[in-house]
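Engineer:
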Amino acid sequence: LWIGGGLMRFAESQGDRRPNVYSTSFVYGYRPHAWRNDRPWDWRLFAEFSGEYVGLMERAGALMPGSDASQIFGGPTVLGIYKYFAISGGAQFPIYRDMGRLYPRERVRFAINVSYFLFSHSH
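As structure tokens, then:
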């Protein structure tokens, strides 16, 4: 189980400012019983949800109406670990949207990550 959150804040430049972005994530992981053995690869399944709120943009010091947005996405992901390497990927689909007119409507989000655990080696 994982619960996380974040804030991205931008500096002002000549009276303009990109909006703050607040993000949250909730992940539930599961490893099927058949996958719980001593094989070289360790595979896991996840149900992952992410939400974000984008605040109002500033233009010449004034807030721009309709420039805020709220979204919640959810979907399956998978993680495979082999020695010092990991690969993960998944897709998320919109569950809730309240979008301002300035943003495109996403139908799906894809992600693929490859990691190398640099400091996991025994010395």
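With this note's numbering applied, the sequence shown corresponds to residues 16 to 138, in that order. Beta carbons: idealized from backbone N, C-alpha and C, even for Gly.
Starting from GLY66, trace the beta strand (DSSP E) both ways and give me its first and last residue.
Structural biologist: Reading the sequence shown from its first residue, position 51 is the one you call residue 66. Looking at the DSSP string, the run of the beta strand (DSSP E) that includes GLY66 is 57-69.
Engineer: CB TYR99 to CB SER40, shorter than 9 Å?
Structural biologist: Looking up residue 99 in the sequence shown gives position 84. Looking up residue 40 in the sequence shown gives position 25. No.
Engineer: With VAL93 as the anchor, note down where its beta strand (DSSP E) starts and where it stops.
Structural biologist: On the sequence shown, position 78 is the one that residue 93 refers to. That run of the beta strand (DSSP E) goes 84-97.
Engineer: Can you tell me whether PHE100 is helix, strand or coil according to DSSP?
Structural biologist: Mapped onto the sequence shown, residue 100 falls at position 85. Correct three-state label for PHE100: strand.
Engineer: If you follow the beta strand (DSSP E) that SER38 is in, where does it begin and where does it stop?
Structural biologist: Reading the sequence shown from its first residue, position 23 is the one you call residue 38. Where SER38 is concerned, the enclosing beta strand (DSSP E) stretches over 36-45.
Engineer: Whole angstroms is fine: what's the gap from PHE64's alpha carbon to TYR37's?
Structural biologist: To locate residue 64, count along the sequence shown from 1; it is residue 49. To locate residue 37, count along the sequence shown from 1; it is residue 22. Looking at the two C-alpha atoms, the distance is approximately 14 Å.
Engineer: Quick test of the definition: if touching needs 3 or more C-beta pairs under 8 Å, does the segment 68-77 touch the segment 48-57?
Structural biologist: Touching, no.
Engineer: Quick check on the burial criterion: 16 or more other C-beta atoms within 10 angstroms. Buried or exposed for GLY81?
Structural biologist: Residue numbering aside, residue 81 sits at position 66 when the sequence shown is read from its first letter. Answer is exposed; the Cβ neighbour count stays below 16.
Engineer: Beta carbon of LEU22, beta carbon of TYR43: below 9 Å?
Structural biologist: For the purposes of this step, residue 22 is taken as residue 7 along the sequence shown, with counting starting at 1. For the purposes of this step, residue 43 is taken as residue 28 along the sequence shown, with counting starting at 1. No, the pair does not count as a contact, with Cβ atoms beyond the cut-off.
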